[in-house]
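With our numbering applied, the sequence shown covers 486 to 786.
Where is the CB? At the ideal position from N, CA and C, for every residue including glycine.
Presented below is the structure to which this report refers.
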Amino acid sequence: MDGNNGKKAWSVLKPLLKVGFTILALWLVYTKVDIAALQRLWKEANPWWLGPAVTAFVICQLVTSVRLLHFFHNIGLPISARSNFRLYLLGMFYNLFLPGGIGGDGYKIIVLKQRYPFTTRKEVFSAVFFDRLSGLWALCLLVALFSTVLPRIQQYSRWILPAVAVGTVIYYGVLRRFFKKISQHFVRIHLIALGTQLLQLVTVAFILKALGCSASYWPYFVIFLASSLASLFPFSIGGLGAREVVIVWGATTLGLDKDLAVSISLSFYIITMTMALTAIPVLFRKEQVQPEAASEQTTNA
486 MDGNNGKKAW SVLKPLLKVG FTILALWLVY TKVDIAALQR LWKEANPWWL
536 GPAVTAFVIC QLVTSVRLLH FFHNIGLPIS ARSNFRLYLL GMFYNLFLPG
586 GIGGDGYKII VLKQRYPFTT RKEVFSAVFF DRLSGLWALC LLVALFSTVL
636 PRIQQYSRWI LPAVAVGTVI YYGVLRRFFK KISQHFVRIH LIALGTQLLQ
686 LVTVAFILKA LGCSASYWPY FVIFLASSLA SLFPFSIGGL GAREVVIVWG
736 ATTLGLDKDL AVSISLSFYI ITMTMALTAI PVLFRKEQVQ PEAASEQTTN
786 A
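Structure follows, in structure tokens:
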């Protein structure tokens, strides 16, 4: 009974903590930026560049869902690309608009375990977890590569690059040793992961263009990638607040325009939120996860 009460208390406390952290983080950002400057940036933004930004983001999410699909096929789930993408959208929606409870990844695990009872919860969890980890690997690799061209952090690149290289070898070794199914098509999946992060940077580049940035884009790419690392930790609602705190810190460290940097982050969040809202129609009908022929599964995997 005590255990159940503890779980109930945590289920109530968790979303409150996320909301509290998000508000606190946004307040800290608010004290560091010029709100009037933010408003001016958005007012003077060129809307014609926002269309390509949205398009690049949508393509990015499609490619990311393909990466996840590879992991599901690795563990033998005969899920179609269409059903997988619908499930992926629902995961986005849960993460952004339902900060408490099971979250987007938890929702995917529950749905797939119900639809495919022949698989284990551990396998499904591993597929979802390593999908996230592959994205984290790609983020770290890009940060390491970009560190070689930024004067203020170039001196650290001789340590960052070897660390990422060694980490990659260890990461692959652990996968092959303990998660052999998951490790299938390692190179292909991680090239896809790298592609998704590059597509995010394409989105950021279009946002920068829309906001009229005339400075070098590279430093903004680096702090955006660093903020993406922060957003992976479930301390705030969909990464809101956590991403902006890192953006402000990074902009201050690299001597960038903090107002522009925060505008990029908030614009990216709005685009993300807009796409997540497209999952609403799926919420009003039963999620279908249709098995496919074994031959098709083998081909797709």
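- Taking the Cα positions, L626 is about 8 Å away from L646.
- The stretch 530–548 and the stretch 679–697 touch, with three or more beta-carbon pairs separated by less than 8 Å.
- Straight-line measurement puts the Cα of T681 at about 8 Å from the Cα of Q546.
- With contacts defined as CB atoms closer than 8 Å, F570 and S550 qualify as a contacting pair.
- In this structure I667 is in contact with I560, their Cβ atoms being roughly 7 Å apart against a cut-off of 8 Å.
- Beta-carbon to beta-carbon, V628 and V707 are separated by about 6 Å, close enough to satisfy the 8 Å threshold.
- The stretch 524–535 and the stretch 653–663 do not touch, with fewer than 3 CB-CB distances between them shorter than 8 Å.
- Contact between R606 and K598 holds: CB atoms are separated by about 6 Å, below the 8 Å threshold.
- By the Cβ neighbour-count rule, T763 is exposed, with fewer than 16 other Cβ atoms within 10 Å of its own.
- Contact check for H675 against W622 passes: the beta carbons are separated by less than 8 Å.
- For the pair P704 and L635, the CB atoms are nearer than the 8 Å cut-off.
- Sorting T757, V654, A715 and R637 by C-alpha distance to the C-alpha of L535 places T757 at the top.
- Rounded to whole angstroms, the separation of the alpha carbons of S565 and Q640 is 47 Å.
- Rounded to the nearest whole angstrom, the C-alpha separation of H558 and Q685 is 25 Å.
- Rounded to whole angstroms, the gap between the alpha carbons of R728 and Y754 is 9 Å.
- Rounded to the nearest angstrom, the gap between the Cα atoms of R617 and T604 is 20 Å.
- Taken in chain order, the unbroken stretches of alpha helix (DSSP H) that lie wholly in the stretch 625–690 and span 4 residues or more are 636–639 and 642–663.
- Exclusion of the five residues before and after L710 leaves L624, L627 and V628 as the residues of its chain whose Cβ lies within less than 6 Å of its Cβ.
- Residue burial annotation: A736 is buried, with at least 16 other C-beta atoms found within 10 angstroms of its C-beta.
- Assignment of C545 by DSSP, reduced to helix, strand and coil, places it in the helix class.
- Of all alpha-carbon atoms in F663, A746 and R662, the one lying nearest the alpha-carbon of C698 is that of A746.
- Ranked by Cα distance from V687, the options P537, A715, A648 and A678 are led by P537.
- Listed in chain order, the beta strand (DSSP E) runs fully inside the stretch 580–625 amount to none, counting runs of at least 3 residues.
- Distance between L741 and I749, taken at the CA atoms: about 12 Å.
- Residue environment: I765 is assigned as exposed (fewer than 16 neighbouring CB atoms within 10 Å of its CB, all protein chains considered).
- The beta carbons of F664 and S611 sit about 6 Å from each other, so the pair counts as a contact at 8 Å.
- Annotated as distal: Y601 and G589, with beta-carbon spacing of 8 Å or more.
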